[in-house]
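Protein sequence lines correspond, in order, to chains W and S. Whatever position you read off the first sequence (first residue = 1), add 1188 for our numbering. Whatever position you read off the second sequence (first residue = 1), add 1188 for our numbering. Glycine is no exception: its CB is placed at the ideal position from the N, C-alpha and C atoms. Here is the structure we will look at.
2 protein chains.
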Amino acid sequence: MRPKITLKTIAKEFEVSISTVSKALKNSNEIGEELREKIKAFADYYNYKPNSLALQLRNQKTSVIGVVIPEIVHHFFSTVIDGIEVRANEKGYNVMVCLSNESYEKEVTNLSLLTNGSVDGLIVSVARETQKKGDYNHFKALTKDGFPLVLFDRGTDSLECDQVIIDDIAGAYKAAKHLIEIGRRKIALLTTEDFISVGALRKIGFRKAMQDCGIDVNEDLVFKINDSKDLYEQIEQIFQQDEKPDAILAVNEIYAAIAMKIAQEHGYVLPDDIAVIGFTSGLISEFTTPSLTSVEQHGFLMGQQAAELLINRIEHKAPSKYIKEVISPTLKIRESTILE
Amino acid sequence: MRPKITLKTIAKEFEVSISTVSKALKNSNEIGEELREKIKAFADYYNYKPNSLALQLRNQKTSVIGVVIPEIVHHFFSTVIDGIEVRANEKGYNVMVCLSNESYEKEVTNLSLLTNGSVDGLIVSVARETQKKGDYNHFKALTKDGFPLVLFDRGTDSLECDQVIIDDIAGAYKAAKHLIEIGRRKIALLTTEDFISVGALRKIGFRKAMQDCGIDVNEDLVFKINDSKDLYEQIEQIFQQDEKPDAILAVNEIYAAIAMKIAQEHGYVLPDDIAVIGFTSGLISEFTTPSLTSVEQHGFLMGQQAAELLINRIEHKAPSKYIKEVISPTLKIRESTILE
DNA sequence: TTAGGTTACTATAACGTTTTCGTGTTTATA
DNA sequence: TATAAACACGAAAACGTTATAGTAACCTAA
């Protein structure tokens, strides 16, 4: 690669000092007009751009935001990144993305790598494994130094930092309430294992709605799906119980879509025999047959808010108290819960 | 934020020079064992990490790969990023992501921002607007200096750089051939406008297959969809022609899924009345009813190969001649083309 | 004529790191 | 005992930039 042109190169060309060149390019009138214009023309011609590393080092500011997420091939997370990117750009920041792949180990490495001075702050969604372990020491190492950190989606109360989370309880509550309102009583819940916070919270919302409406939850219809085992096989179990459900609430779109497929294979007519609601993260809900009623999570907004919080923190515009932004999910009603 | 600990801090603490500290931490035996161990212990205790900006500046190497893509909320692109990230990580690189939003202007800005020294090389998928304009001067500014650059998915022969592309012609050919093999003759094509290279190429593959099988293409059944207008309205036109199609080949998953929905609304039974094939980029194909036969694009592999090519270029392990890797798409047959 | 001011530049430090080259002191060898 | 080698450290340059603090040379006004 051809060596980059620097102030030094230009200075040599004109046999002046580096400071002269620097000032000329900043249009300082400390430099005589003639020389100034010549230097500017030269720099322009050779497409001089100040080396950003040098600037970052000097200014002790990178204008880069680090983002650590569990995975990127996931509609929700990519939507959040989109939101982060847009807001960050507006404020003159760039975005650096690292993946933890849900691994504690990799999360630790990523945090360590990114906090070597290469980013001004971090936005993180905690890895599953970390949540399971409950070990947040790698985060604490940052927060105790006051390093700007914002957690999103998967939060924890054990850390002193800004957070943006979804009101999962309310989301599940709304969904369950909707199913009850269209007359369903035997509602099956497809959730995750308990250590996954979203699964646990959505279960709480579901139970709360049932309780508020005076309906008993049939524990045989609560299924904890393990993502690393065969999904079809596990979800199939819904239809093997003594009590047949008349509705299904799934904590994500995939579980919901699979449940619908299986129900149809069993000859059920949807939504008449079984109504289904999922939590959307992608485009699947729109294109299933019937299209799937779902709880919308507003990932883009979440990303924007996370970026906003972080940048305020970086630029010391944030209050000393940490902020917990809670986003209310909304219900998007589609065919899977619309009765004739 | 508490000021970071540096070599200087440590040096002051022990009243030695910075070089001594640096050497001690690198376990150099130029430094006496006792002092060396004390310094190491101190640094360890205060969690010293060398400032990466300083290292990057000194070594003239960032170990960061810049990625510029049109959008991130898109299964194909996020899959590619995943591939890039994995391979980059294996080789000790990090990834910085910027979005062009299909805009020429933003692409130019992004390239300029990233090539200020903050990345060692770039992986780019060209924005639509740039393709339409045909203006690649911002890329040429890089290639003429030998800046490491790899293009993926949306390539161009007008640039001297490595590329990883999909054999779109072959993909469409395979798809059309499959439709013909199951007995279809009146095949409708749902494609994009011509300036979008993938659309144009897939159209060529389609025509080639038809020609090879001695079937005339009915031009009334070739639809160029405009993404900024209403998709349902445009796709609806398929069913308004004199000749009713018995199959549809769509250049992406969304068009295909919408076409299926509309066909079903018109009372067609799928796949018997109309068979449908799309190009997959997401999970939609799996969950439609019927599930959708589609051409798989291997985004993850593409990302890995792009990263591989770029890193070889950065580390001068690449041949002087530029490499064009072509990935062969494969056909994933699902219900939408399986006849009883 | 000379102090004071302007003009047009240069020198230097600083950001944090590594590395080459010195240098003074101690120890080993002839 | 003289000399070389080994030891333990420091100085300085380099990466590229900016900002502060000089400093010559010239001009102006009393």
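| query | result |
| --- | --- |
| Contact under 8 Å by Cβ, Val1252/W with Val1338/W | no |
| 6 Å Cβ shell around Tyr1234/S - same chain, five flanking residues per side excluded | Ile1193 |
| beta-carbon Asn1235/S near the ligand HEM non-hydrogen atom, thresh 7 Å | Looking for the ligand HEM in the displayed structure turns up nothing, as the structure carries no ligands at all. |
| Beta-carbon contacts of Arg1522/S that lie in its chain and below 6 Å, excluding the five residues immediately before and after | Ser1479, Leu1480 and Thr1481 |
| Ile1272/W vs Val1255/W beta-carbon contact at 8 Å | yes |
| Residues near Leu1377/S by beta carbon distance below 6 Å, same chain, minus five either side | Phe1394, Val1410 and Leu1437 |
| Selected residue, minimal CA-CA separation from Ile1526/W, among Gly1487/W, Gly1466/W, Leu1458/W and Asn1500/W | Leu1458/W |
| Enclosing alpha helix (DSSP H) for Gln1351/S [first to last residue] | Element bounds for Gln1351/S: not the alpha helix (DSSP H) but the beta strand (DSSP E), Asp1350 to Ile1354. |
| C-beta contact flag for Ile1260/S and Ala1494/S at 8 Å | no |
| Alpha-carbon spacing of Ala1229/S relative to Lys1321/W, whole angstroms | 28 Å |
| Neighbourhood of Val1314/S by C-beta distance below 6 Å, restricted to the same chain and skipping five residues each side | Arg1342 |
| Cutoff 8 Å: Cys1286/W Cβ touching any chain S Cβ | yes |
| Coarse secondary structure for Ile1227/S, derived from DSSP in three states | helix |
| Contained beta strand (DSSP E) runs [length at least 3] in the region 1353–1390 of chain S, N- to C-terminal order | 1375–1380 |
| Neighbourhood of Tyr1281/S by C-beta distance below 8 Å, restricted to the same chain and skipping five residues each side | Ser1251, Val1252, Ile1253, Asp1308, Ala1495 and Ile1499 |
| Any chain W beta carbon closer than 8 Å to Arg1190/S | yes |
| Residues near Ser1346/W in its chain [Cβ-Cβ closer than 6 Å; skip 5 each side] | Tyr1324 |
| 3-residue-minimum beta strand (DSSP E) runs that sit fully inside the region 1443–1469 of chain W, ordered along the chain | 1463–1467 |
| Chain S contact for Gly1334/W (CB, 8 Å cutoff) | yes |
| From Thr1318/S, Phe1340/S, Arg1316/S and Glu1348/S, residue whose alpha carbon lies closest to that of Lys1529/S | The question about residue 1529/S has no answer, for chain S in this structure spans 1189 to 1528. |
| Cβ neighbours of Ile1269/S in the same chain (closer than 8 Å, five flanking residues each side left out) | Val1255, Ile1257, Ile1260, Val1283, Val1285 and Gly1491 |
| Chain S contact residues for Glu1273/W, given Cβ-Cβ distances below 8 Å | Ile1260, Val1285, Cys1286 and Leu1287 |
| With 16 other Cβ atoms within 10 Å as the buried cut-off, status of Thr1267/W | buried |
| Cβ neighbour criterion (16 or more within 10 Å) applied to Met1189/S | exposed |
| Contact set between Asp1461/S and chain W, taken where Cβ atoms lie within less than 7 Å | Chain W residues near Asp1461/S: none, gap ~16 Å exceeds 7 Å. |
| Same chain, Cβ closer than 6 Å to Leu1389/W, five either side skipped, listed in chain order | Asp1356 and Ile1357 |
| Assigned secondary structure, Met1284/S (DSSP; H/G/I helix, E/B strand, else coil) | strand |
| Counted within 10 angstroms of its Cβ, other Cβ atoms place Tyr1420/W as buried (16 or more) or exposed | exposed |
| Contact belief for Ile1462/S with Ala1451/S at Cβ below 8 Å, rounded distance in angstroms | 5 Å |
| Chain-ordered residues of the region 1221–1250 of chain S with a beta carbon less than 8 Å from chain W | Asn1235, Lys1237, Pro1238, Asn1239, Ser1240, Leu1241, Ala1242, Gln1244, Leu1245 and Thr1250 |
| Same chain, Cβ closer than 8 Å to Lys1196/W, neighbours up to 5 away in sequence not counted | Ile1206 |
| Residue range of the unbroken alpha helix (DSSP H) whose run includes Ile1272/W | His1263 to Glu1278 |
| Integer Cβ distance of Ile1515/W from Ile1354/W, believed to fall under 8 Å | 5 Å |
| Residues, ordered as in the chain, of the region 1453–1480 of chain W that lie near chain S by beta-carbon distance below 7 Å | Gly1470, Leu1471, Ile1472, Phe1475, Thr1476 and Thr1477 |
| Beta strand (DSSP E) segment containing Ile1257/W, residue limits | Val1252 to Ile1257 |
| Proximity of Ala1447/W and Arg1372/W at Cβ, strictly below 8 Å | no |
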